[in-house]
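My numbering puts the first residue of the sequence shown at 270, with every later residue one more than the last.
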Amino acid sequence: MKKISYRLSGWWVVAIAILLSITQCTESNGLDDQMTPGSEKNESGIQGSELTEAEIDGIRFMREEEKVARDVYIYLYEIHPLRPFLNISKSEQAHMDAIKYLIDAFDIEDPVGENPEGVFQNEELQELYDALIEKGSTSREEALRVAALIEEVDIIDLRTELDSIASNEDVIRVYTNLCKASEAHLRAFTGVLALYGVEYAPVKLSQEEFDRIMAD
């Protein structure tokens, strides 16, 4: 984002069981409970050095990028009522809350504010949201592909922050947990696509990295 830069048959019982396990994983994998560093923070409060301007810009961007994911999944669930859209939209809210923790802790202006679903301060993200919901509205399979793409790009942007920008201990912890959760979401969406007979090919991640995530 930052860089833009079937038929039911004899196997339906197995398919439903797999789908349930996927959605349950997104509900209870425990990653969202680890998003904020509050439970590990000592009495002195937030830890680490003051943030650089690049870190602040990254936090603001990631706050809205997580909102894109949440809002797209909420929108798509209304059109294609698949449980992963509902469950993972709740996870994305937890991601937004985790970054809001950093925003509040470091007294950063929140780009989300009171903006409703589908409204973004960042024009690039606004255009992206509009394009994603248009594409995802065309079919169930396209909606799931859109969701998988969102998670791919989220992983890439978080890794960029971790590898090149973030130096504060709490920021690194939040981003690391967000990245792990996004990998789990990517596995969930591609798993549902597989149930519908669709093999997802990575769009942004390398095939090698995608295969590694799928194997975890």
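Note that the Cβ used here is the ideal one computed from N, Cα and C, for glycine as well. From a predicted model like this one, the values you see are computed outputs, not experimental measurements.
Burial state of residue i (16 or more Cβ within 10 Å)
{"i": "arginine 456", "result": "buried"}
{"i": "arginine 481", "result": "exposed"}
{"i": "serine 440", "result": "In the sequence as presented, serine is not what sits at residue 440; that position holds valine. By the neighbour-count rule (16 or more Cβ atoms within 10 Å), valine 440 is buried."}
{"i": "glycine 382", "result": "exposed"}
{"i": "tyrosine 465", "result": "exposed"}
{"i": "glycine 443", "result": "Reading off the sequence shown, one finds valine at residue 443, where the question assumed glycine. Under this definition valine 443 is a buried residue."}
{"i": "alanine 323", "result": "exposed"}
{"i": "glutamate 312", "result": "Because glutamate 312 carries a pLDDT of 37, less than 50, the predicted location of this residue cannot be relied on, and no value is offered for it."}
{"i": "alanine 338", "result": "buried"}
{"i": "glutamate 347", "result": "exposed"}
{"i": "alanine 435", "result": "buried"}
Cβ-Cβ distance between residue i and residue j below 7 Å
{"i": "glutamate 335", "j": "glutamate 361", "result": "yes"}
{"i": "aspartate 432", "j": "serine 451", "result": "no"}
{"i": "histidine 349", "j": "arginine 409", "result": "yes"}
{"i": "glutamate 421", "j": "lysine 473", "result": "yes"}
{"i": "glutamate 386", "j": "aspartate 426", "result": "no"}
{"i": "isoleucine 244", "j": "tyrosine 342", "result": "This structure does not reach residue 244, given that the chain is present from 270 up to 485, and the question cannot be answered."}
{"i": "lysine 404", "j": "glutamate 411", "result": "yes"}
{"i": "aspartate 379", "j": "isoleucine 372", "result": "yes"}
{"i": "phenylalanine 389", "j": "glutamate 430", "result": "no"}
{"i": "histidine 364", "j": "leucine 462", "result": "no"}
Beta-carbon proximity list for residue i, same chain, < 7 Å, skipping 5 on both sides
{"i": "isoleucine 325", "result": "Ile377"}
{"i": "threonine 445", "result": "Leu431"}
{"i": "arginine 428", "result": "Cys448"}
{"i": "aspartate 485", "result": "Glu452"}
{"i": "serine 490", "result": "Coverage of the chain is limited to positions 270 through 485, which leaves residue 490 absent and any answer about it impossible."}
Neighbourhood of residue i by C-beta distance below 6 Å, restricted to the same chain and skipping five residues each side
{"i": "phenylalanine 375", "result": "Leu320"}
{"i": "tyrosine 344", "result": "Ile402"}
{"i": "phenylalanine 479", "result": "Pro471"}
{"i": "asparagine 391", "result": "Glu333"}
{"i": "valine 467", "result": "Glu410"}
Proximal residues to residue i (C-beta, below 8 Å), its chain only, five neighbours per side dropped
{"i": "tyrosine 398", "result": "Val337, Asp340, Val341, Gly387, Phe389"}
{"i": "serine 475", "result": "none"}
Does the contact criterion of 3 or more C-beta pairs under 8 Å hold for the stretch 446 to 461 versus the stretch 406 to 421? Flag = yes, the stretch 446 to 461 and the stretch 406 to 421 touch.
Which ranges would you report for the alpha helix (DSSP H) in the stretch 365 to 450 if only whole runs of at least 4 residues count? Correct list: 392 to 405, 409 to 429.
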